[in-house]
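Reading through the structure tokens given below for one structure.
Protein chains: 2
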Amino acid sequence: MTAFHKHLKSNAKGELEFEGIAVTDLAMQYGSPLFVLSENTIRENYRRIHRAFADVYPAEVIVCAGMKGNWGLAARRVIVDEGGGGDAFGLGELTVAMLAGSDPRKIVMNGANKSRETIEAAIDMGVLNQVDNADELALVGEVAAAMGKTARISLRIRLPLKSLAEVNYVDARYPEGISPSYWERTFKFGLAPDAYLAAVRIAQGMAGVSLEGCHYHGGIPRRAGFYREETEELVEILGEVKAATGWSPEYLNIGGGFVSERYGAEAPPPVEEYGRVIGRAIVDTCAKHGMKVPALMLEPGRYCWESAGIWVAQVNAKKADPTLANKTWVYVDGNTNEMRDPFDPRCSVHHVVIANDVDREGSEVVDVCGGTCNAGDILAKARELPPMQIGDTLAFLDMGAYNESFACQSNVIPRSATVMVSNGRSTVVRRRETVADVLSREAVPTWLMAR
Amino acid sequence: MTAFHKHLKSNAKGELEFEGIAVTDLAMQYGSPLFVLSENTIRENYRRIHRAFADVYPAEVIVCAGMKGNWGLAARRVIVDEGGGGDAFGLGELTVAMLAGSDPRKIVMNGANKSRETIEAAIDMGVLNQVDNADELALVGEVAAAMGKTARISLRIRLPLKSLAEVNYVDARYPEGISPSYWERTFKFGLAPDAYLAAVRIAQGMAGVSLEGCHYHGGIPRRAGFYREETEELVEILGEVKAATGWSPEYLNIGGGFVSERYGAEAPPPVEEYGRVIGRAIVDTCAKHGMKVPALMLEPGRYCWESAGIWVAQVNAKKADPTLANKTWVYVDGNTNEMRDPFDPRCSVHHVVIANDVDREGSEVVDVCGGTCNAGDILAKARELPPMQIGDTLAFLDMGAYNESFACQSNVIPRSATVMVSNGRSTVVRRRETVADVLSREAVPTWLMAR
Numbered sequence: 001m002t003a004f005h006k007h008l009k010s011n012a013k014g015e016l017e018f019e020g021i022a023v024t025d026l027a028m029q030y031g032s033p034l035f036v037l038s039e040n041t042i043r044e045n046y047r048r049i050h051r052a053f054a055d056v057y058p059a060e061v062i063v064c065a066g067m068k069g070n071w072g073l074a075a076r077r078v079i080v081d082e083g084g085g086g087d088a089f090g091l092g093e094l095t096v097a098m099l100a101g102s103d104p105r106k107i108v109m110n111g112a113n114k115s116r117e118t119i120e121a122a123i124d125m126g127v128l129n130q131v132d133n134a135d136e137l138a139l140v141g142e143v144a145a146a147m148g149k150t151a152r153i154s155l156r157i158r159l160p161l162k163s164l165a166e167v168n169y170v171d172a173r174y175p176e177g178i179s180p181s182y183w184e185r186t187f188k189f190g191l192a193p194d195a196y197l198a199a200v201r202i203a204q205g206m207a208g209v210s211l212e213g214c215h216y217h218g219g220i221p222r223r224a225g226f227y228r229e230e231t232e233e234l235v236e237i238l239g240e241v242k243a244a245t246g247w248s249p250e251y252l253n254i255g256g257g258f259v260s261e262r263y264g265a266e267a268p269p270p271v272e273e274y275g276r277v278i279g280r281a282i283v284d285t286c287a288k289h290g291m292k293v294p295a296l297m298l299e300p301g302r303y304c305w306e307s308a309g310i311w312v313a314q315v316n317a318k319k320a321d322p323t324l325a326n327k328t329w330v331y332v333d334g335n336t337n338e339m340r341d342p343f344d345p346r347c348s349v350h351h352v353v354i355a356n357d358v359d360r361e362g363s364e365v366v367d368v369c370g371g372t373c374n375a376g377d378i379l380a381k382a383r384e385l386p387p388m389q390i391g392d393t394l395a396f397l398d399m400g401a402y403n404e405s406f407a408c409q410s411n412v413i414p415r416s417a418t419v420m421v422s423n424g425r426s427t428v429v430r431r432r433e434t435v436a437d438v439l440s441r442e443a444v445p446t447w448l449m450a451r
Numbered sequence: 452m453t454a455f456h457k458h459l460k461s462n463a464k465g466e467l468e469f470e471g472i473a474v475t476d477l478a479m480q481y482g483s484p485l486f487v488l489s490e491n492t493i494r495e496n497y498r499r500i501h502r503a504f505a506d507v508y509p510a511e512v513i514v515c516a517g518m519k520g521n522w523g524l525a526a527r528r529v530i531v532d533e534g535g536g537g538d539a540f541g542l543g544e545l546t547v548a549m550l551a552g553s554d555p556r557k558i559v560m561n562g563a564n565k566s567r568e569t570i571e572a573a574i575d576m577g578v579l580n581q582v583d584n585a586d587e588l589a590l591v592g593e594v595a596a597a598m599g600k601t602a603r604i605s606l607r608i609r610l611p612l613k614s615l616a617e618v619n620y621v622d623a624r625y626p627e628g629i630s631p632s633y634w635e636r637t638f639k640f641g642l643a644p645d646a647y648l649a650a651v652r653i654a655q656g657m658a659g660v661s662l663e664g665c666h667y668h669g670g671i672p673r674r675a676g677f678y679r680e681e682t683e684e685l686v687e688i689l690g691e692v693k694a695a696t697g698w699s700p701e702y703l704n705i706g707g708g709f710v711s712e713r714y715g716a717e718a719p720p721p722v723e724e725y726g727r728v729i730g731r732a733i734v735d736t737c738a739k740h741g742m743k744v745p746a747l748m749l750e751p752g753r754y755c756w757e758s759a760g761i762w763v764a765q766v767n768a769k770k771a772d773p774t775l776a777n778k779t780w781v782y783v784d785g786n787t788n789e790m791r792d793p794f795d796p797r798c799s800v801h802h803v804v805i806a807n808d809v810d811r812e813g814s815e816v817v818d819v820c821g822g823t824c825n826a827g828d829i830l831a832k833a834r835e836l837p838p839m840q841i842g843d844t845l846a847f848l849d850m851g852a853y854n855e856s857f858a859c860q861s862n863v864i865p866r867s868a869t870v871m872v873s874n875g876r877s878t879v880v881r882r883r884e885t886v887a888d889v890l891s892r893e894a895v896p897t898w899l900m901a902r
């Protein structure tokens, strides 16, 4: 038996099973290409990261599973059932969160550029509006006043990351290296510390605004292992803000970036290490400044979703060219319209398994290609894989994050269905798209109709 | 007056007009973000490239305007009205082509990986099926036999580009350089010359298959100015095929790649130069081999669409950080979900015009950002632009190709509407998407509903 993780392994016939169901049976029943999401893998990923922090942290820990990584309604329902929260960008993700039955207290509303309509919705629902800048703070106050309601808010901060100024971080996405300090202090979200302090003072004086949280989402630094330094710097600044204003947050949201092992070349720390180090840094730095330890919010996306999803495609054709190209191409019925994770530097380096014959022997180097017009429509490039045949069912692993959410319809190609599997059961949670769906918004000017 | 091209210029009030309609009026009437397509710019782009070849070429010239660049039904209707054809990838684009009233003789069906269903459709419609490989040829024969119909086919060839073996081509997309010869001979489409010859022989002997064309689509070389060399090599090989088999094509399809000026750092040749050089190379090489000059098919995509489309967004917010980042951000109501042209090395370097005040004086360096979660959601990065204010209407020029067709819905953000303008009239040709549209395929497993 070959086991990829607890719920994904080969059976006695050498077929890949996900939660006890043969992937070839899923492809037969639901067609291909097909996303398959494992309910219990989502649950376990959620529980592990929640426990990693909750076991060591003396106040409440709220895991706001990132909606951007997977905004499926069924996936969200699983998180809600686990008692988890979510981070929503815009009205669409907020809609999914609330349709799935989320506790509004565990939902945060993100964005540097929220519309009035989105702010109204956040106030209506009582979710925490993570305000990006001073103009948005003014707008939130104005909208709350107009509605005669109170807006629960958090302010988003950007950090200088002074202690990391000299570091040059390198990974597959930044092959020439980048300074995490430069990256964090210049990106589009949040308030610099001086502007943050000013915004706290303004918010304290605003009727209709309840200032409850601080939001900081680090990107590169956490991935690169700077989570202790950034957490200490964050809470140090909050200590200064408390000294200046008397205010300290009830909720401290440290964002996401708890990456999975397949993400980069180097293995990230286990999530328990993040929990231990970050938890300790918050507790110690709060103590130093005489601050109450706040409830901790996290926004893990990839961590929750990635390993819970596979994507299944069938081999349609195979072409070898031993003369001019010296290459072999394997063509499948899916394509890179659905493999466009913009945050993964190894986006098309997913592990490929022959689902109908997991342990097939032998190997050949192939390009696994999709059916679009794009010469770059290659799902696995120059990869050494067992020899594949027409009719084989391929499973691409770790496809649960960002691939569906960033999928497009180039060449008017309808997108995959998604099935959820759970303890031997399966059901469609996103129906297969049709050409009629893709074309459903088209119209022709009347003046061109009769020509 | 500032004129960007014939139909896009400022009016007496300093507002940007597209085909005589103020862009601010379009944003007011139809909302934003908004794509705006100019019917007459499409017509003129089509006519210019058609004439560039037809004026110098002694046989029929069929311009198969690339559907992948813009698959809108209204845009297609304009091409049909001009007497143009199209290249379709898959059933979806074929559907658009035929719904728009195309002449099937001018439609080609592309793809390395066509489903049986797609092949059946191409046979039903009588369009030219551009067969990629020997297995597909066998499949086409089998499908045609089962249907009792004749399949019109073309065979796609890949070229060695021997005379370009030593060239190292560099542009913004290939900053380290690439060999056009390596690129062409190893990419996923088509048959190497020896396999091509073998396939011609097989096709000649197949009942139910009418071998009518040869298809070659060059990517990098044409862009880099190797169109004479590749055309000569292509027709030389066809001469050898004729000598060996007696067959020569009725239709010679040389693909697309006739790029616009904004595409790369260096200005490409005018399209008339392509026409003159390529036309001459075909005629001369055919004469050398005693071949009849075939009808010429072209598949220009970007050339037809790019300059015909602008994208309009409103400034929602502005944030300056003179202390930590030393930057200014301008936030608009659109985002890079709709600026994801995968073929343009300068994808987010579109010219930005303040549509309500085209000639505004002064300048500042800003990042123009969208509203998604992605730190890379920057529509114009570190660009020197006139000082912008909340409420300004921005037009991003040259957005008519590949941006709509590759658009995604990340963060559950509905996509723009598209309006067509024509001689002072305007109408919606793609209605604005809603959150309900984006979520229309979602479902929750029954076992999770009652928890």
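Those protein sequences? They're chains U and V, same order as listed. Just so we're aligned, residue 1 is where the first sequence starts under the working numbering, counting upward by one. Just so we're aligned, residue 452 is where the second sequence starts under the working numbering, counting upward by one. Positions of the beta carbon are idealized from the N, C-alpha and C atoms, including for glycine. It should be emphasised that the depicted structure is a prediction, and the values quoted were computed from it without experimental measurement.
| Check | Outcome |
| --- | --- |
| Going by the CB atoms, is the gap between Glu470 (chain V) and Ser420 (chain V) shorter than 7 angstroms? | Within the shown structure, residues of chain V are numbered from 452 to 902, placing residue 420 (chain V) beyond reach of any answer. |
| Taking 7 angstroms as the CB-CB cut-off, is Arg451 (chain U) touching chain V? | yes |
| Determine contact between the segment 286–306 of chain U and the segment 317–336 of chain U, defined as no fewer than three beta-carbon pairs at a distance below 8 angstroms. | no |
| Select from the segment 757–772 of chain V all residues with a C-beta closer than 9 angstroms to any C-beta belonging to chain U, and list them in chain order. | Asn767, Ala768, Lys769, Lys770, Asp772 |
| Return no unless some Cβ of chain V is closer than 7 angstroms to the Cβ of Leu164 (chain U). | no |
| Less than 7 angstroms between the C-beta atoms of Thr823 (chain V) and Asn862 (chain V), yes or no? | yes |
| My assumption, with CB atoms under 8 angstroms, is that Ala654 (chain V) sits in contact with Leu606 (chain V). Please give the rounded CB distance. | 7 angstroms |
| My parser needs the alpha helix (DSSP H) runs of 4 or more residues fully inside the segment 480–540 of chain V; what are they? | 490–505, 524–532 |
| For Leu459 (chain V), is the beta carbon positioned less than 6 angstroms from some heavy atom of the ligand ATP? | Absence of the ligand ATP from the depicted structure is noted, as is the absence of any ligand whatsoever, leaving it without description. |
| Just to confirm the assignment, what range does the alpha helix (DSSP H) spanning Lys114 (chain U) have? | Where Lys114 (chain U) is concerned, there is no enclosing alpha helix (DSSP H), given that its DSSP letter is neither H nor E. |
| Leaving out five residues on either side along the sequence, give the residues of the same chain with a beta carbon under 8 angstroms from the beta carbon of Arg116 (chain U). | Leu139, Val143 |
| Hey, is Met98 (chain U)'s beta-carbon within less than 7 angstroms of any beta-carbon in chain V? | no |
| Compute the Euclidean distance between the alpha carbons of Ile178 (chain U) and Ala623 (chain V), then round it to the nearest angstrom. | 20 angstroms |
| Which complete beta strand (DSSP E) runs does the segment 563–631 of chain V hold, if anything under 3 residues is left out? | 579–582, 602–607 |
| Using a Cβ-Cβ cut-off of 7 angstroms, state whether Ile688 (chain V) counts as contacting chain U. | no |
| Can you tell me whether DSSP reads Asn704 (chain V) as helix, strand or coil? | strand |
| Checking 7 angstroms against the spacing of the C-beta atoms, do Arg276 (chain U) and Val56 (chain U) come in under that value? | yes |
| Short check: CB of Tyr481 (chain V) to CB of Ala868 (chain V), under 7 angstroms? | yes |
| Per DSSP, Tyr227 (chain U) is paired with what? | Tyr227 (chain U) pairs with nothing; no bridge assigned. |
| Taking Ala648 (chain V) as the reference, which of V:Thr637, V:Leu689, V:Val474 has the closest Cα? | Just to set this straight, residue 648 (chain V) is Leu in the shown sequence, not Ala. Of the candidates V:Thr637, V:Leu689, V:Val474, the one whose C-alpha sits nearest the C-alpha of Leu648 (chain V) is V:Leu689. |
| When we look at the beta-carbon of Lys68 (chain U) and count the other beta-carbons within 10 Å, is it buried (16 or more) or exposed? | buried |
| What residue range is occupied by the uninterrupted beta strand (DSSP E) comprising Ala453 (chain U)? | The structure shown does not extend to residue 453 (chain U), since chain U is modelled only from 1 through 451, so no value can be given for it. |
| Given Gly541 (chain V), which residues of its chain have a CB within under 7 angstroms of its CB, disregarding the five upstream and five downstream residues? | Gly562, Thr569 |
| Please decide whether Asn854 (chain V) counts as near chain U, where near means a Cβ-Cβ distance under 7 angstroms. | no |
| To the nearest angstrom, how far is the alpha carbon of His801 (chain V) from that of Ala503 (chain V)? | 27 angstroms |
| Could you tell me which chain U residues have their CB closer than 9 angstroms to the CB of Cys820 (chain V), listed as they occur along the chain? | Ala112, Asn113, Lys188 |
| Run through DSSP, which three-state label would Cys214 (chain U) get? | strand |
| Span of the beta strand (DSSP E) holding Ala846 (chain V)? | 844–847 |
| Please state whether DSSP places Gly543 (chain V) in a helix, a strand or coil. | helix |
| Assuming contact is defined by CB atoms lying nearer than 7 angstroms, are Thr885 (chain V) and Gln765 (chain V) in contact in what I supplied? | no |
| Quick check: Arg76 (chain U) and Val63 (chain U), are their CB atoms within less than 7 angstroms of each other? | no |
| Is there a Cβ from chain U that is less than 7 angstroms from the Cβ of Met871 (chain V)? | yes |
| Quick check on Phe396 (chain U) - is its C-beta less than 7 angstroms from some C-beta in chain V? | no |
| In this structure, what does DSSP give as the bridge partners for His802 (chain V)? | His802 (chain V) pairs with nothing; no bridge assigned. |
| Taking 7 angstroms as the limit between beta carbons, can you name the residues of its chain near Phe857 (chain V), skipping five residues before and five after? | Arg791, Asp792, Pro793 |
| Could you spell out the range, first to last residue, of the beta strand (DSSP E) harbouring Trp762 (chain V)? | 760–772 |
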